[in-house]
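Have a look at the structure below before the remarks.
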Amino acid sequence: MSIRDGIVVVGLVVVHLLLRIGFGLQNAAPDLMVLALLLASRSLGPGGGALLGFGLGLLEDAFSMLSFGASVFALTLVGTAGAQAQGLFVGRSILFQSTYFFLGKWIRDLLAWLVSNPDSRDAFVDSVLMQSPLAALYVAAAGLCVRYLFLKETVRE
Amino acid sequence: MAGQAQGGRKRRRRDFHVVLGLVLLSLITINLPVESQRVIGNGLRESILRPFIEVQRIVVRTRARARDYLVVRDQLDSALTFVASATTLADENRQLRDLLALDGRSPSRLVAAWVIRSGTTGSASVFRLDAGSEDGIRPFDAVVTDRGLLGQVQEVGPGSSMGYDWSHPDFRVSAMTLTADGQAHGLVEAARGRYREQDRLVLRGTAYLSDLQRGAEVVTSGRGGAYPRGILIGWVGEVAEASAGWDISYYVEPAVYPGTATYAQVHIELPEDTLQTVVDTGGPGEATGGSR
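Going down the list, the sequences are from chains A and B. With the first letter of the first sequence counted as 1, position 62 gets the number 62 in the working numbering; the numbers rise by one all the way through. Quick note, the working numbering runs 157 ahead of the 1-based positions in the second sequence.
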């Protein structure tokens with residue numbers, strides 16, 4: 001991972017925490033945490049991706065009284081999968097990039113839903129099939145913006 | 158070439174072990190005891206996340222000051238009117254209690270605090286207060302707004318505390334209704350709606366023959382000791398369910414919608430009113446802990 005990539009990833013995490021915790025925007029802000037993980041895990045490898053996902057998941061769960069550990073589990077697996085997916089999602093195609101970000105966010109929400117406290121989680125259809133795809137689209141759009149604004153030259157051919 | 162292939166295999170094996178270990182660790186994290194989870198969460202909030210929480214505090218205060226000025230002004234006017242009309246009430250109350258040989262009411266005070274919500278995943282139903290143990294707040298203290306009961310404190314730090322509102326699945330409060338033909342007692346808990354905006358309360362365990370009218374006030378009964386008596390919870394709505402011959406449950410329209418609360422008071426019982434006093438007088442060094 002280049003220094004610039006690292007700065008962008010750290011910047012995304014900081015902006016995510018600022019928007020969601022600092023400004024309390026909740027879902028009005030895209031999930032930049034998972035976006036940072038998806039960007040970083042491709043160059044970190046499975047072990048590094050999982051470790052980063054684990055750490056980011058802990059930050060995300062610090063405010064959770066309902067399902068502590070759900071984000072840790074989900075982001076650890078997404079970090080691993082993101083590294084494994086580097087052979088699948090190559091090229092500068094908008095379709096490839098956006099699919100990668102979309103699936104990353106959607107799978108993150110699906111995994112978190114699966115291990116969440118059944119008493120506190122929303123219905124599967126509402127959460128995973130309705131809200132989550134919209135949030136994933138938002139992440140995909142944000143991911144494309146970040147990719148083409150800040151990481152233009154490092155995009156894989 | 159053979160060396161490179163062997164290095165690649167080693168790296169893959171190492172990655173596999175790291176991933177496996179972290180996945181297991183994350184599963185352990187999910188199943189940790191609640192106390193351990195709270196310690197981890199609190200440690201993160203007091204260290205890495207501290208700057209973001211400070212930003213949040215500043216933003217919430219600034220927003221609330223800008224938005225609520227006229228509301229606060231109205232409330233101040235109402236409060237002054239009430240105080241002016243009730244100057245003799247306390248004295249009359251004391252005299253009547255003396256006549257009836259009643260003990261004084263439980264001494265308590267309110268600690269004002271800002272209600273701050275995190276926007277992170279999984280933090281629904283949870284709020285932070287910018288007041289903590291330094292202000293006298295303890296776990297399980299009731300959190301109220303000017304409209305009624307909001308929730309309960311769960312974790313207390315020196316300068317801040319965390320609690321959950323009534324939409325949390327673990328929320329329970331013993332309640333009673335005050336009607337013309339007597340009281341009906343029960344337990345109020347959260348009932349999940351299809352969407353979080355549709356969450357509401359249910360009054361369970363009232364007698365089967367109790368016929369509560371829509372709109373009757375539901376207040377805390379004080380049973381169990383966690384919540385002081387007489388705090389408004391909401392108003393009786395339609396019947397939720399009935400167990401033939403046994404009991405009947407009613408939906409309760411909440412007095413406070415958690416999302417609208419930006420400012421609250423924590424109901425603190427003063428030490429001489431609690432069993433803590435007995436512990437204190439029984440022996441020194443046993444005065445900590447807040448479970449009630």
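A virtual CB, placed ideally from N, CA and C, is assigned to each residue, including glycine. Only a predicted model underlies this, so the values are computations on that prediction, with no experimental measurement involved.
Check                                                                                                                                  : Outcome
Closer than 8 angstroms to chain A by CB, B:Gln213                                                                                     : yes
Interface partners of B:Ile205 on chain A, CB under 7 angstroms                                                                        : Leu59
The stretch 198–210 of chain B / the stretch 98–110 of chain A touching (three or more Cβ pairs under 8 angstroms)                     : no
Proximity test, Cβ basis, 8 angstroms: B:Ile294 and chain A                                                                            : no
Chain A within 8 angstroms of B:Ser318, Cβ atoms only                                                                                  : no
Where B:Arg171 falls, given that 16 or more other Cβ within 10 Å makes a residue buried                                                : exposed
CB of B:Thr278 within 8 angstroms of CB of A:Ser71, strictly                                                                           : yes
Members of the stretch 163–177 of chain B that neighbour chain A once the beta carbon cut-off is set at 7 angstroms                    : Arg171, Asp172, Val175 and Val176
Chain-order list of residues whose beta-carbon lies under 6 angstroms from that of B:Gly314 (same chain, five-residue window excluded) : Gly289
Sub-8 angstroms separation of A:Gly22 and B:Val283 beta-carbons                                                                        : no
Chain-ordered residues of the stretch 304–331 of chain B with a beta carbon less than 8 angstroms from chain A                         : Gln311, Met319, Tyr321, His325 and Pro326
Whole-Å CB distance - B:Gln311 paired with B:Gly320, under 8 angstroms assumed                                                         : 5 angstroms
Per-residue burial, B:Val396 [other beta carbons within 10 Å of its own, 16 or more giving buried]                                     : exposed
CB-CB length for B:Ile273 against B:Arg285, believed under 8 angstroms                                                                 : 4 angstroms
Backbone secondary structure at B:Ser400 - three-state DSSP                                                                            : strand
Buried/exposed call for B:Arg207, threshold 16 Cβ in 10 Å                                                                              : exposed
Beta-carbon gap between A:Phe124 and A:Trp106 smaller than 8 angstroms                                                                 : no
Extent of the continuous alpha helix (DSSP H) run through B:Glu291                                                                     : Note, B:Glu291: premise wrong, no alpha helix (DSSP H); not H, not E.
Any chain B beta carbon closer than 8 angstroms to A:Met1                                                                              : no
Three-state secondary structure (DSSP) of B:Thr302                                                                                     : coil
Residues within the stretch 113–143 of chain A neighbouring chain B, beta-carbon criterion of under 9 angstroms                        : Val115, Ser116, Asn117, Asp119, Ser120, Asp122, Ala123 and Asp126
Start-to-end residues for the beta strand (DSSP E) that takes in A:Arg20                                                               : Counting along the chain, A:Arg20 falls outside any beta strand (DSSP E), and DSSP gives it neither H nor E.
Residues that B:Ala281 contacts on chain A, provided the C-beta gap is smaller than 8 angstroms                                        : Leu66 and Ser120
Nearest to B:Ser367 (by Cα), restricted to the options B:Ile405, B:Ala383 and B:Gln422                                                 : B:Ile405
Rounded separation between A:Val128 and A:Asp109 - CA only                                                                             : 7 angstroms
Within chain B, the residues that A:Val10 reaches when beta carbons sit closer than 9 angstroms                                        : Per Cβ cutoff of 9 angstroms: no residues; A:Val10 is ~12 angstroms from chain B at best.
Beta carbon proximity, A:Leu18 to chain B, threshold 8 angstroms                                                                       : yes
Validate contact between the stretch 19–36 of chain A and the stretch 240–260 of chain B using beta carbons, cut 8 angstroms, 3 pairs  : no
Assigned exposure category for B:Glu211 - 16 Cβ within 10 Å defines buried                                                             : exposed
Bridge partner(s) assigned by DSSP for A:Asp119                                                                                        : Per DSSP, none; premise fails for A:Asp119.
First through last residue of the alpha helix (DSSP H) which encompasses A:Ser43                                                       : Leu32 to Asp61
Residues within the stretch 367–390 of chain B neighbouring chain E, beta-carbon criterion of under 8 angstroms                        : Chain labels in this structure do not include chain E; the protein chains are A and B.
Touch test, the stretch 377–391 of chain B against the stretch 407–418 of chain B, Cβ-Cβ under 8 angstroms, three pairs minimum        : yes
Neighbour flag for A:Ser93 against chain B, beta carbons, 8 angstroms                                                                  : no
Rounded distance between the beta-carbons of A:Val8 and A:Val146, thought under 8 angstroms                                            : 7 angstroms
Three-state secondary structure assigned by DSSP to B:Pro315                                                                           : coil
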